[in-house]
Amino acid sequence: MPVHLEPRDVSTDLENYNSVLIVSCPVCPPMCLAMQQNSPFIEFFKRGLKTGAFEDYIQSIRKPLEQRGVRTGTYAIHIPTPMMCLWTKWQRSRFLKRAKDYEAVLVLGCDSATYTAQEVLENTDCQVIQGMDMIGTTNATLQVRFPLTFNLGMHCVLKNGTVQQHETNVSGIREIEKMAS
Ligand code: SF4
């Protein structure tokens, strides 16, 4: 049940910081980026467990920051749970150690992921910025192809009692119908 997330333009939010740590939840965000760009979620023999569309998106945030001299870093943790909404105390403590050296943390995740980061960093000067908009929940079909390639065929986004159906093409997802549930 991935949360449906869409990238938010955060260039203005980040313009006054000299160091930014990009923390990502490695569950819903990569799924959503892969669906939105109609590209594989996992291509094991090409990228391991990383999602190409999501890695490229992170780089597209880092590059302009670094070009103007901002120190950037990335952070994700998979064990014991990759889901930021369920991080253990140990995971929260590891994140605190890493994040407190940065002026801002950009969260690639849902409202709950952002809440986790805010709670961990509440006694620091580090500012938390949410980098994705939470739209609803996604329904998709997992497609398995040889060799170890997984795609997600998106059907719809469920939001506030409505169903938004989608059609995926090479340029991304196009909304084709909206109806009451
Ligand atoms: S923190 Fe949000 S984005 Fe990450 S797994 Fe939980 S619901 Fe999904």
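Quick note: the sequence shown uses this note's numbering, first residue 186, plus one each step. The beta-carbon is built from N, C-alpha and C at its ideal position, and this holds for glycine as well. Because the structure is a prediction, the values reported are computed rather than measured.
Subject >> DSSP state of Cys341 mapped onto helix, strand, coil >> reply: Along the sequence shown, one-based indexing puts residue 341 at 156. If DSSP states are grouped into helix, strand and coil, Cys341 belongs with the strands.
**OP:** Would you kindly check if the distance between the Cβ of Phe226 and the Cβ of Leu333 is under 8 Å?
**Re:** As a first step, residue 333 is located in the sequence shown; it is residue number 148 there, counting from the start. As a first step, residue 226 is located in the sequence shown; it is residue number 41 there, counting from the start. Not in contact: Leu333 and Phe226 (Cβ atoms no closer than 8 Å).
Original post:
For Pro312, which option in Leu327, Ala298, Leu291 and Thr326 has the closest C-alpha, if you only look at C-alpha atoms?
Top reply: The residue you call residue 312 lines up with position 127 of the sequence shown. Correcting the residue identity first, residue 312 is Gln in this sequence and not Pro. Cα-wise, what sits closest to Gln312 is Leu291.
**OP:** Pick out the complete beta strand (DSSP E) segments inside the region 253-324, 3 residues or longer, and give them in chain order.
**Re:** 256-260, 289-293 and 312-315
Original post:
For the ligand SF4, any of its heavy atoms closer than 7 Å to the Cβ of Ala219?
Top reply: Against the sequence shown, residue 219 aligns to sequence position 34. For the ligand SF4, not one heavy atom lies less than 7 Å from the Cβ of Ala219.
Subject >> The beta strand (DSSP E) enclosing Pro211, as first and last residue numbers >> reply: The residue labelled residue 211 in the question sits at position 26 within the sequence shown. Segment: none, Pro211 is in no beta strand (DSSP E) and carries neither H nor E.
Original post:
Residues with a Cβ closer than 5 Å to any heavy atom of the ligand SF4, in chain order?
Top reply: Every residue passing the under-5 Å Cβ criterion appears here: Val188, Cys210, Val212, Cys213, Met268, Met269, Cys270, Gly294, Cys295, Ser297 and Ala298.
Original post:
Identify the residues that DSSP records as bridge partners of Glu191: which are they?
Top reply: Translated into the one-based positions of the sequence shown, residue 191 becomes position 6. Per DSSP, Asp318.
Original post:
Which partner residues of Arg330 appear in the DSSP bridge assignment?
Top reply: Stepping through the sequence shown from its first residue, residue 330 is reached at position 145. According to DSSP, Arg330 bridges with Thr334.
**OP:** Indicate whether Gly294 and Cys217 have their beta-carbon atoms separated by less than 8 Å.
**Re:** Stepping through the sequence shown from its first residue, residue 294 is reached at position 109. Stepping through the sequence shown from its first residue, residue 217 is reached at position 32. Not a contact, by the Cβ cut-off of 8 Å.
Subject >> Of the listed residues Thr301, Gly258, Met220 and Ser204, nearest to Leu190 (C-alpha basis) >> reply: Translated into positions along the sequence shown, residue 190 becomes position 5. Among Thr301, Gly258, Met220 and Ser204, the Cα nearest to that of Leu190 is on Met220.
Subject >> Nearest neighbour of Ile246, chosen from Ser196, Ser204, Asn203 and Cys270 [CA to CA] >> reply: Stepping through the sequence shown from its first residue, residue 246 is reached at position 61. The residue with the shortest Cα to Cα distance from Ile246 is Ser196.
Subject >> Residue environment, Thr301, which counts as buried when at least 16 other CB atoms sit within 10 Å >> reply: As a position in the sequence shown, residue 301 is number 116, starting the count at 1. Classified as buried, Thr301 has 16 or more neighbouring CB atoms from the shown chains inside 10 Å of its CB.
**OP:** Check Ser204 in the structure and name its three-state DSSP category.
**Re:** Here residue 204 refers to the residue found at position 19 of the sequence shown. Residue state, collapsed to three classes: strand.
Subject >> Rounded straight-line distance, which links the Cα of Gln252 to that of Cys341 >> reply: On the sequence shown, position 156 is the one that residue 341 refers to. On the sequence shown, position 67 is the one that residue 252 refers to. Using only the alpha carbons, I get a separation of about 38 Å.
**OP:** Determine the direct distance from the alpha carbon of Phe335 to that of Gly233, and round the result to whole angstroms.
**Re:** Reading the sequence shown from its first residue, position 48 is the one you call residue 233. Reading the sequence shown from its first residue, position 150 is the one you call residue 335. Their Cα atoms are separated by approximately 12 Å.
Subject >> Residues of its chain near Pro187, where Cβ-Cβ distance is below 6 Å and the 5 sequence neighbours each way are ignored >> reply: Mapped onto the sequence shown, residue 187 falls at position 2. Once the five neighbours on either side are set aside, the close Cβ partners of Pro187 are Cys213, Met216 and Thr323.
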